[in-house]
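Quick notes on the structure that follows.
Protein chains: 2
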Amino acid sequence: METRRTFIQKGLLGISAATVVGTSATQAFSGSYVSAVAADGFALGIAGYSFVHFDIDQSLAMMKRMNVNFLCIKDFHLPLASTEAQISAFHEKLAASGVTGYAVGPLYMTKSKAEIDNAFDYAKRVGVKLIIGIPNKEDLAYISEKTAEYDIRYAIHNHGPEDKLYPNATSIFELVKDLDPRMGLCFDMGHNMRDGQDPARDMKRYHKRIFDIHFKNVTAATKDGTTCELGRGVIDIPAFIKTLRKVGYNGKCSLEFEKDMKDPLAGLAESVGYFRGVSDASA
Amino acid sequence: METRRTFIQKGLLGISAATVVGTSATQAFSGSYVSAVAADGFALGIAGYSFVHFDIDQSLAMMKRMNVNFLCIKDFHLPLASTEAQISAFHEKLAASGVTGYAVGPLYMTKSKAEIDNAFDYAKRVGVKLIIGIPNKEDLAYISEKTAEYDIRYAIHNHGPEDKLYPNATSIFELVKDLDPRMGLCFDMGHNMRDGQDPARDMKRYHKRIFDIHFKNVTAATKDGTTCELGRGVIDIPAFIKTLRKVGYNGKCSLEFEKDMKDPLAGLAESVGYFRGVSDASA
Numbered sequence: 000m001e002t003r004r005t006f007i008q009k010g011l012l013g014i015s016a017a018t019v020v021g022t023s024a025t026q027a028f029s030g031s032y033v034s035a036v037a038a039d040g041f042a043l044g045i046a047g048y049s050f051v052h053f054d055i056d057q058s059l060a061m062m063k064r065m066n067v068n069f070l071c072i073k074d075f076h077l078p079l080a081s082t083e084a085q086i087s088a089f090h091e092k093l094a095a096s097g098v099t100g101y102a103v104g105p106l107y108m109t110k111s112k113a114e115i116d117n118a119f120d121y122a123k124r125v126g127v128k129l130i131i132g133i134p135n136k137e138d139l140a141y142i143s144e145k146t147a148e149y150d151i152r153y154a155i156h157n158h159g160p161e162d163k164l165y166p167n168a169t170s171i172f173e174l175v176k177d178l179d180p181r182m183g184l185c186f187d188m189g190h191n192m193r194d195g196q197d198p199a200r201d202m203k204r205y206h207k208r209i210f211d212i213h214f215k216n217v218t219a220a221t222k223d224g225t226t227c228e229l230g231r232g233v234i235d236i237p238a239f240i241k242t243l244r245k246v247g248y249n250g251k252c253s254l255e256f257e258k259d260m261k262d263p264l265a266g267l268a269e270s271v272g273y274f275r276g277v278s279d280a281s282a
Numbered sequence: 000m001e002t003r004r005t006f007i008q009k010g011l012l013g014i015s016a017a018t019v020v021g022t023s024a025t026q027a028f029s030g031s032y033v034s035a036v037a038a039d040g041f042a043l044g045i046a047g048y049s050f051v052h053f054d055i056d057q058s059l060a061m062m063k064r065m066n067v068n069f070l071c072i073k074d075f076h077l078p079l080a081s082t083e084a085q086i087s088a089f090h091e092k093l094a095a096s097g098v099t100g101y102a103v104g105p106l107y108m109t110k111s112k113a114e115i116d117n118a119f120d121y122a123k124r125v126g127v128k129l130i131i132g133i134p135n136k137e138d139l140a141y142i143s144e145k146t147a148e149y150d151i152r153y154a155i156h157n158h159g160p161e162d163k164l165y166p167n168a169t170s171i172f173e174l175v176k177d178l179d180p181r182m183g184l185c186f187d188m189g190h191n192m193r194d195g196q197d198p199a200r201d202m203k204r205y206h207k208r209i210f211d212i213h214f215k216n217v218t219a220a221t222k223d224g225t226t227c228e229l230g231r232g233v234i235d236i237p238a239f240i241k242t243l244r245k246v247g248y249n250g251k252c253s254l255e256f257e258k259d260m261k262d263p264l265a266g267l268a269e270s271v272g273y274f275r276g277v278s279d280a281s282a
């Protein structure tokens, strides 16, 4: 367990995980890893939900093709009931494609406190220090205690105007600002925009509590807006990335591409290219 | 014929071709056309050779997916022997996908002068004002006369260190600089780099004679370099695009992607995204 956690922590710190995985995996991993971080300025990742119609092998093949090295793990790829051996095999599979699973979620935990306990237990066993979650508001104090107990951060995901609980970043920030500093946001910039809230402004306001970003663009700043390729929507991505630099954001930027979900590679690849182009040109 | 030429010329000038094509095609065409030019700053295109393993329908489907609106027409998509009706149908097919065929080539014409005559006749019938060609050096004076006679520009393509005729931009510039001003280069920045020649420097030097660009990146500045996704090679693309702005380049930037040629969409899409990201971030 300690080895696994060390592995992941080193990943998060940007240090090669060369010591923990097999030789050929190591070469693939450390090679792509370093170049990706260096080239992006920011660590580009993929939110697992982008691959909802694909198993982990298909997903990793796409990530390898795009040279993207961080995955936010969804439970359809690594179920909560996974054994230690299954978790270990999963990480090794990722490493063989040069990928680090850096967080789990989004996980819904609105039915019972047991779901919260399960999520923290799962994150600990997976060896990540970040959970993306959708909890009930009345459980936030309980979750805040858990983040301290496990030393695992908890990022609440905002889901746009239809979301009665967390429509935007502000709604989450107001709820977590006085809780444990490990309580924060997975900032879905697309859903924030769909709720009519400016992503760059909110990044500036809430960056100390933003632990992860679902990086995307949307076709309109209303509930009718849908995900589109990163360079084709209403969010000014160059301005947003400038803001990330300004506030010193050091989390991941994980693309969540909810268009063409049964054939997402072209749109994801275009988005990856756009992100890197903006990042390189404004470095 | 006049209608067809007017159509293409308007395309080159960046004016909507709404008047010449059918209603549904028109909507697709003018819509994407305007947004692409506005978003890119430069007109992004695809060099037909990128689609060597695909027919025109498959190629256009990929272009539509990437929202790219200019195609340099290769003869495997529109043979030199095409009839007026076939050419017309081809243009209508392109327009239905929002695409303008802005030039023809590269066309080899090293075997006989008849190939040169055929190429100019073909370009005239296709209605484009630009031929990308690979001619013999001893025919350049003859071609220069043809460019004046047809008022069609002729851009010679450089093909790297293996190319005994035109390894780099300098080799072409020296040959055309005193010929008709319609004689120039299709600047293959990747092959120029493979020949150890700096693309941005040569863009600055020769921009008045650069009529088209095979836009790409390569893995090494030697003959062993191969095409790679735009953001992953040794050419500093942000610096190159800055140079394009500085010299006021107003030709097309046509991606020629010679990697994964049997499955090019992901790499092309990443390159399209990178181009637009750099362009948007540095606008």
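Chains as they are written, first to last, in numbering that gives the first Met the number 0: chain A, 0 to 282; chain B, 0 to 282. From the three backbone atoms N, C-alpha and C, an ideal C-beta is built for every residue, glycine too.
Residue from B:P237, B:T99, B:K112 and B:Y153 with nearest C-alpha to G132 of chain B: Looking at the Cα atoms, B:Y153 is the closest of the given residues.
Assess, as a yes-or-no matter, whether the stretch 212–222 of chain A is touched by the stretch 163–172 of chain A under the definition of 3 or more beta carbon pairs within less than 8 Å. Under the 8 Å Cβ criterion, the stretch 163–172 of chain A does not count as touching the stretch 212–222 of chain A, having fewer than three qualifying pairs.
Does the beta carbon of M260 of chain A come closer than 8 Å to any beta carbon on chain B? M260 of chain A is outside the set of residues whose beta carbon lies under 8 Å from a beta carbon in chain B.
Report the residue from A:K203, A:G126, A:E255 and A:Y141 whose alpha carbon sits nearest the alpha carbon of D116 of chain A. Nearest of A:K203, A:G126, A:E255 and A:Y141 to D116 of chain A, Cα basis: A:Y141.
Is the shortest distance between the beta-carbon of D150 of chain A and the beta-carbons of chain B less than 8 Å? No - not a single Cβ of chain B is within 8 Å of the one on D150 of chain A.
Under three-state DSSP, which class holds D116 of chain B? Of the three classes helix, strand and coil, the one that applies to D116 of chain B here is helix, per DSSP.
To the nearest angstrom, how far is it from the Cα of E83 of chain A to the Cα of E91 of chain A? Their Cα atoms are separated by approximately 12 Å.
What whole-angstrom Cβ distance do G97 of chain B and K73 of chain B have, given they're in contact under 8 Å? Their Cβ separation, rounded to whole angstroms, is 19 Å, which puts G97 of chain B and K73 of chain B out of contact at 8 Å.
E269 of chain A CB to nearest chain B CB: under 8 Å? Yes - at least one Cβ of chain B is within 8 Å of the one on E269 of chain A.
With a cut-off of 8 Å on the beta carbons, I'd call P237 of chain B and D279 of chain A a contact; round off their distance for me. Right, their Cβ atoms sit about 5 Å apart.
Using only alpha-carbon positions, find the residue among A:F210, A:H206, A:V103 and A:K222 that is nearest to G195 of chain A. Among A:F210, A:H206, A:V103 and A:K222, the Cα nearest to that of G195 of chain A belongs to A:K222.
In whole angstroms, what separates the C-alpha of K181 of chain A from that of Y165 of chain A? Sequence inspection shows Arg at residue 181 of chain A; the Lys mentioned does not correspond to that position. Their Cα atoms are separated by approximately 18 Å.
Distance, G272 of chain A Cα to D120 of chain A Cα: When rounded, the distance between both Cα atoms is 36 Å.
Assuming L178 of chain A contacts L139 of chain A (C-beta within less than 8 Å), just tell me the rounded distance between them. A Cβ-Cβ distance of about 6 Å is found for the pair L178 of chain A and L139 of chain A, placing them in contact under the 8 Å criterion.
Cutoff 8 Å: V264 of chain B Cβ touching any chain A Cβ: Correcting the residue identity first, residue 264 of chain B is Leu in this sequence and not Val. It does; some Cβ of chain A falls within 8 Å.
Cutting at 7 Å between CB atoms, please list the residues of its own chain near T146 of chain B, excluding the five before and the five after it. Close CB contacts of T146 of chain B within its chain, under the 7 Å cut and outside five residues either way in sequence, are with R152, Y153, D179, R181 and M182 (chain order).
Determine which residues of the stretch 237–254 of chain A have a Cβ less than 8 Å from any Cβ of chain B, and write them out in chain order. So the list reads P237 and I240, given in the order they occur along the chain.
Quick check: what's the CA-CA separation for F210 of chain A versus G230 of chain B? G230 of chain B has its alpha-carbon roughly 27 Å from the corresponding atom of F210 of chain A.
Please determine, among A:N135, A:G266 and A:E255, the residue with the shortest C-alpha to C-alpha distance to K110 of chain A. When only C-alpha atoms are compared, the closest one is A:N135.
In chain A, which residues lie with their C-beta within 9 Å of the C-beta of A280 of chain B? Those are I236, P237, I240, K241, G276, V277, S278, D279, A280 and S281, listed as they occur along chain A.
Separation of E257 of chain A from D150 of chain A, as counted between CA atoms: Cα to Cα, the separation comes out at about 31 Å.
Where R244 of chain B falls, given that 16 or more other Cβ within 10 Å makes a residue buried: With fewer than 16 other Cβ atoms within 10 Å, it is exposed.
Can you pull the chain A residues whose beta carbon is under 9 Å from the beta carbon of M202 of chain B, in chain order? Simply none; closest approach about 17 Å.
Is there a Cβ from chain B that is less than 8 Å from the Cβ of E228 of chain A? Using beta-carbon distances, E228 of chain A counts as an interface residue toward chain B, with a partner under 8 Å.
C-alpha distance - Y32 of chain B paired with M62 of chain A, whole-angstrom precision: Residue confidence for Y32 of chain B is low, a pLDDT of 32 falling below 50, so the modelled location carries little weight and cannot support an answer.
What's the call for K251 of chain B, buried or exposed, on a 16-neighbour Cβ count within 10 Å? Buried, because 16 or more other Cβ atoms sit within 10 Å of the Cβ of K251 of chain B.
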